[in-house]
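Structure record follows, encoded as structure tokens.
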Amino acid sequence: MKHIVLTGGGTAGHVTPNIAMLPKLQEMGYKISYIGSYEGMERKLIEELNIPYYGISSGKLRRYFDVKNFTDPFRVLKGFGEAKKLLKELKPDIVFSKGGFVSVPVVLAAHGRKIPVLIHESDMTPGLANKLCISSATKICCNFPETVDNLPADKAVVTGTPIRQELLQGSREKALAFTGLSGQKPVLMVIGGSLGSVAVNNAVRAALPELLPDFDVIHLCGKDKLDESLNDTDGYRQYEYIKKELADLFALSDLIISRAGANAICEISSLKKPNLLIPLSAKASRGDQILNARSFERQGFSCVLEEEEVTTESLVNAVRNLYGNREAYISAMESSKHTDSIDHILSLIEEYRLK
2 MKHIVLTGGG TAGHVTPNIA MLPKLQEMGY KISYIGSYEG MERKLIEELN
52 IPYYGISSGK LRRYFDVKNF TDPFRVLKGF GEAKKLLKEL KPDIVFSKGG
102 FVSVPVVLAA HGRKIPVLIH ESDMTPGLAN KLCISSATKI CCNFPETVDN
152 LPADKAVVTG TPIRQELLQG SREKALAFTG LSGQKPVLMV IGGSLGSVAV
202 NNAVRAALPE LLPDFDVIHL CGKDKLDESL NDTDGYRQYE YIKKELADLF
252 ALSDLIISRA GANAICEISS LKKPNLLIPL SAKASRGDQI LNARSFERQG
302 FSCVLEEEEV TTESLVNAVR NLYGNREAYI SAMESSKHTD SIDHILSLIE
352 EYRLK
């Protein structure tokens, strides 16, 4: 039987693309094993799907001073030894890595055992973990055309990002029943990320008096970030987090406001939803969300408003312009070549498994 090892963890963005590929991999007859960290969030997500899960030691690779920088290299070395032992026992035909620090020892160990390795980079510029894996990778799948310039020419392939297919199967009627909205106005959905964004939340709530005459607003605001004083506001619905009904809410939405994490914006573009991106500020990150957002802007998929530019007036104007030009954004997303990301990546897996 064909056998693939998937790896990646640390954040949902390093796990959900792997999960998106599981149904097709199973359909193609693959035995699937997953290597992640001992107690990372990936463990629960994968074990819930009844995929065999193997934990290894994982350290974090930091670009800044931290006392743990002195101990984590030993955890990485331990993880490398554990990954070597696991791969010897599992004998996979190929390894697919979605990144995150836990993937580094797995990729290096696979390369040492001459097992083909495909890695995937969602952001426009590779993160530190993937940078360490580039020399050991057989091929590097990436999301943005611009990423190819930062990678070895013989390894880079623009594939897009695997998208959970259930997100494409939502029901507008179910969403109307769930939210209690009338369906008489266009719907604006705001997604601040799994932890919620204080900056985005505050800006949207300040703009509600301007937005609600023209739009119903669904606000996914993050854990512990509800504003109880707005609970009875007509046309406004707020939720800390949505899992089961997310596909239905997407089906109901006409416009999306979102952060610019790579997986989130790829899901939005696959759904062909005109979107306003408010990337995480460079002060609070390595700037990858800004690069992601500007790439989607250049491709005609998104409108971008940087966090420092957000005011009630600029937000309302951006939403109105987005809605007025929504057909142009939809057309650009429909013409994208990367709508079959899963099939593209699986064809590479099949090709290099046999080499």
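Each residue of the sequence shown is one higher than the one before, starting from 2 at the first, in the numbering used here. Glycine is no exception: its CB is placed at the ideal position from the N, C-alpha and C atoms.
Chain-order list of residues whose beta-carbon lies under 7 Å from that of residue i (same chain, five-residue window excluded)
{"i": "G11", "result": "G41, G101, F102, V103"}
{"i": "T162", "result": "P18, S123, N144, A263, N264, C267, S342"}
{"i": "E131", "result": "For the sequence presented, residue 131 should be read as Asn rather than Glu. Cβ within range, chain order: G100, I120, E122."}
{"i": "A283", "result": "I291"}
{"i": "F71", "result": "Unreliable placement is indicated for F71, whose pLDDT of 46 sits below 50; no coordinate value is reported for it."}
Length of the line joining the Cα atoms of residue i and residue j
{"i": "S348", "j": "S259", "result": "31 Å"}
{"i": "D215", "j": "V320", "result": "11 Å"}
{"i": "A21", "j": "P93", "result": "20 Å"}
{"i": "L133", "j": "L109", "result": "9 Å"}
{"i": "T312", "j": "E328", "result": "26 Å"}
{"i": "R1", "j": "S34", "result": "Coverage of the chain is limited to positions 2 through 356, which leaves residue 1 absent and any answer about it impossible."}
{"i": "I47", "j": "V107", "result": "17 Å"}
{"i": "R287", "j": "M125", "result": "12 Å"}
{"i": "E90", "j": "A84", "result": "10 Å"}
{"i": "I192", "j": "R238", "result": "12 Å"}
{"i": "D233", "j": "N51", "result": "41 Å"}
{"i": "L277", "j": "D217", "result": "16 Å"}
{"i": "Q27", "j": "P275", "result": "33 Å"}
{"i": "V201", "j": "E167", "result": "27 Å"}
{"i": "I257", "j": "M190", "result": "5 Å"}
{"i": "S1", "j": "I279", "result": "Summary: the structure shown does not reach residue 1, with the chain confined to residues 2 through 356, and so no result is reported for it."}
{"i": "L323", "j": "E241", "result": "25 Å"}
{"i": "D235", "j": "Q185", "result": "13 Å"}
{"i": "K25", "j": "L169", "result": "15 Å"}
{"i": "T8", "j": "G171", "result": "29 Å"}
{"i": "L221", "j": "S337", "result": "27 Å"}
{"i": "N203", "j": "S183", "result": "25 Å"}
{"i": "I57", "j": "E49", "result": "19 Å"}
{"i": "V105", "j": "L129", "result": "10 Å"}
{"i": "G82", "j": "K356", "result": "25 Å"}
{"i": "K219", "j": "F251", "result": "The sequence shown places Ile at residue 219, rather than the Lys named in the question. Cα to Cα, the separation comes out at about 10 Å."}
Same chain only: Cβ atoms within 8 Å of residue i, ignoring 5 sequence neighbours per side
{"i": "G30", "result": "M2, K3"}
{"i": "T160", "result": "H121, C142, C143, N144, H339, S342, H345, I346, L349"}
{"i": "K156", "result": "I135, A138, T139, K140, I141"}
{"i": "R165", "result": "T17, I20, A21, E268"}
{"i": "K273", "result": "I331, M334, E335"}
{"i": "L23", "result": "I33, L50, I52"}
{"i": "R1", "result": "The first residue shown for the chain is 2 and the last is 356, placing residue 1 beyond what the model contains."}
{"i": "I243", "result": "L221, L250"}
Buried/exposed call for residue i, threshold 16 Cβ in 10 Å
{"i": "R64", "result": "Note that R64 has pLDDT 49, beneath the 50 cutoff, so the model's placement of it is unreliable and no number is given."}
{"i": "S230", "result": "exposed"}
{"i": "G181", "result": "exposed"}
{"i": "V1", "result": "Residue 1 falls outside the range modelled here, since the chain spans only 2 to 356, and no answer is possible."}
{"i": "L293", "result": "In the sequence on display, residue 293 carries Asn and not Leu. Classification for N293: buried."}
{"i": "P53", "result": "exposed"}
{"i": "R299", "result": "exposed"}
{"i": "S296", "result": "buried"}
{"i": "N318", "result": "exposed"}
{"i": "Q290", "result": "buried"}
{"i": "L78", "result": "exposed"}
{"i": "P127", "result": "buried"}
{"i": "A154", "result": "exposed"}
{"i": "R206", "result": "buried"}
Own chain partners of residue i with C-beta closer than 6 Å, once the 5 adjacent residues on each side are dropped
{"i": "Y55", "result": "I36, L87"}
{"i": "Y59", "result": "One point to set straight first is that residue 59 is Ser, not Tyr, in the sequence displayed. Cβ neighbours of S59 beyond the five flanking positions: S38, G80, F102, V103."}
{"i": "V96", "result": "V6, A111, I116, V118"}
{"i": "L253", "result": "R173, A176, V188"}
{"i": "F369", "result": "Since the first and last residues shown for the chain are 2 and 356, residue 369 lies out of range."}
{"i": "V149", "result": "A157"}
{"i": "K32", "result": "M2, H4"}
{"i": "F179", "result": "E246"}
{"i": "E1", "result": "Absent from the model: residue 1. The displayed extent of the chain is 2 to 356, so no value can be given."}
{"i": "L152", "result": "I141"}
{"i": "A208", "result": "T313, L316, V317"}
{"i": "D255", "result": "P187, V188"}
{"i": "A261", "result": "L278, P280, Q290, N293, A294"}
{"i": "L213", "result": "G236"}
Q. What runs of the beta strand (DSSP E), each 3 residues or longer, lie entirely inside the region 81-158?
A. 95-98, 118-122, 140-143
**Q.** Sequence ranges, beta strand (DSSP E) only - wholly within the region 169-196, length at least 3
**A.** 188-192
Q. With a cut-off of 8 Å, do at least 3 Cβ pairs link the region 339-353 to the region 245-257?
A. no
Q | Three-pair Cβ contact test at 8 Å for the region 87-105 versus the region 8-25 | A | yes
Q. Are three or more beta carbon pairs between the region 139-146 and the region 172-185 nearer than 8 Å?
A. no
Q.
Whether or not the region 305-318 and the region 217-233 are in contact is what I'm after, with contact meaning three or more pairs of Cβ atoms, one per stretch, closer than 8 Å; do they touch?
A. no
Q: Please list the segments of the alpha helix (DSSP H) lying wholly inside the region 188-245, counting only runs of 4 or more residues, in order along the chain.
A: 199-212
Q: Kindly provide the ranges of any beta strand (DSSP E) runs that are 3 or more residues long and lie completely inside the region 265-326, ordered along the chain.
A: 276-278, 303-305
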